[in-house]
Amino acid sequence: MASQDRLLPLSNRFLQMASGDLAGQANLKRLRAIHQIIGALTALFGLLMLAMPVFADIQNKPVAGILLCLFLAALGLGGSYAVLRNWRHPPHHELSLSDEALHYKTPSSWLLDGPRQERTIAWRDIVPAADGQPDVRTEFTTSQGVTRDLVFWHRDAQGTVRMQRIPLRRFSRGTFVNGDELKLALLVRLASRPDLRFAPSVFIGMRIDPASWRPMSKPLLAQALGGLASMAILLATVWNLDVGAGASSLLPILAAMLCCAIAGTLLWHCLFPQWRHPIRFQPIETEARD
0 MASQDRLLPL
10 SNRFLQMASG
20 DLAGQANLKR
30 LRAIHQIIGA
40 LTALFGLLML
50 AMPVFADIQN
60 KPVAGILLCL
70 FLAALGLGGS
80 YAVLRNWRHP
90 PHHELSLSDE
100 ALHYKTPSSW
110 LLDGPRQERT
120 IAWRDIVPAA
130 DGQPDVRTEF
140 TTSQGVTRDL
150 VFWHRDAQGT
160 VRMQRIPLRR
170 FSRGTFVNGD
180 ELKLALLVRL
190 ASRPDLRFAP
200 SVFIGMRIDP
210 ASWRPMSKPL
220 LAQALGGLAS
230 MAILLATVWN
240 LDVGAGASSL
250 LPILAAMLCC
260 AIAGTLLWHC
270 LFPQWRHPIR
280 FQPIETEARD
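When we follow numbering that gives the first Met the number 0, the leftmost residue of the sequence shown carries the number 0, and every step to the right adds one.
Encoded structure:
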């Protein structure tokens, strides 16, 4: 383990408070609203296509055009029926935590992200990463994506070590009403393992202060403001470019990008020096109060 890791205490009393079974409560109100909106829009499209042959301009068109309108009408109305028939009981993600394992399930649905899958991972099967990087970290969902996944490793029934990815947005209130409780309970259970190292991005992305385990928003807000400031500087640079200068006009853009990157990094380390190194937790005994 790296000697520069940030070591934080984790009281057994807090572990006991975060223990027990916890099941995610799906945000059905949001899912139902999405189903109703999409169903209404597709139904409206189908009705418009169904009414098209009535107009004189369409009647003068070839039969193929009328048949196309009828086909699109059937497609829209059929799609609306397929969406609205499940609006009362829409398929949703499932995520639950117990003292023994993590269980999650993603049903097959056009509305939910990710393929159909179901898995149960015992806490004892979670292992450190073999690449020397933090064992619990965040990575971009795809090379072109802007969303991040929570990443850790576990050993399956055959003894093979596999990477496990859970989208961070899965812990939002848009997915689960008690998303805040779920992410806190998950992180506490992982933190109870002294051999696991956490990347600072885990707590920044989940907006949890690892020292107090309370909600935290300043680092993520600082990143967002820094990104907006960098975009404003780049846009101002592009706006004032001399297009007639040819390839040399790219030099100010490259210089602005380099300056933004250096300034952002220095400012980040000055404002949040505690996020420089990976984090480990050490469970400690706490005396019971009278």
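Ideal Cβ placement from N, Cα and C applies to all residues, glycine included.
DSSP places His153 within a strand segment (E or B) once states are collapsed to three. Bounds of any alpha helix (DSSP H) do not take in Phe139; it lies within the beta strand (DSSP E) bounded by Arg136 to Phe139. About 6 angstroms separates the CB atoms of Asn26 and Gly173; that is less than 8 angstroms, so the two are in contact. Distance check between Ala42 and each of Leu76, Gln132, Glu93 and Leu49 places Leu76 closest, using alpha-carbon atoms only.
For the pair of segments examined, the stretch 85-99 was found to touch the stretch 11-24: the number of CB pairs separated by less than 8 angstroms reaches three. Residues of the same chain with a CB within less than 7 angstroms of the CB of Pro218, apart from the 5 flanking positions on each side, are Ile203, Phe271 and Trp274 in chain order. When His88, Leu40 and Pro61 are compared, the shortest CA-CA separation from Leu74 is found for Leu40. Beta bridge pairing from DSSP links Val126 with Trp152. 9 angstroms or more divides the Cβ of Asp148 from the Cβ of Asp124.
Taking a cut-off of 8 angstroms on C-beta distances, the stretch 129-139 touches the stretch 193-203, as three or more cross pairs fall below it. Cα atoms of Gln35 and Trp86: separation of roughly 7 angstroms, rounded to the nearest angstrom. Note that the C-beta distance between Ser191 and Leu6 is not below 9 angstroms. Between the alpha carbons of Ile283 and Pro193 lies a distance of about 11 angstroms.
Separation of Ala32 and Val160 (C-alpha to C-alpha, rounded to the nearest whole angstrom) is 40 angstroms. Taking 9 angstroms as the cut-off, the beta carbon of Pro199 is found closer than this to the beta carbon of His276.
Shown here for Ser79: same chain residues with a beta carbon closer than 7 angstroms to its own, the five before and five after excluded, namely Gly38, Thr41, Ala42 and Gly45 in chain order.
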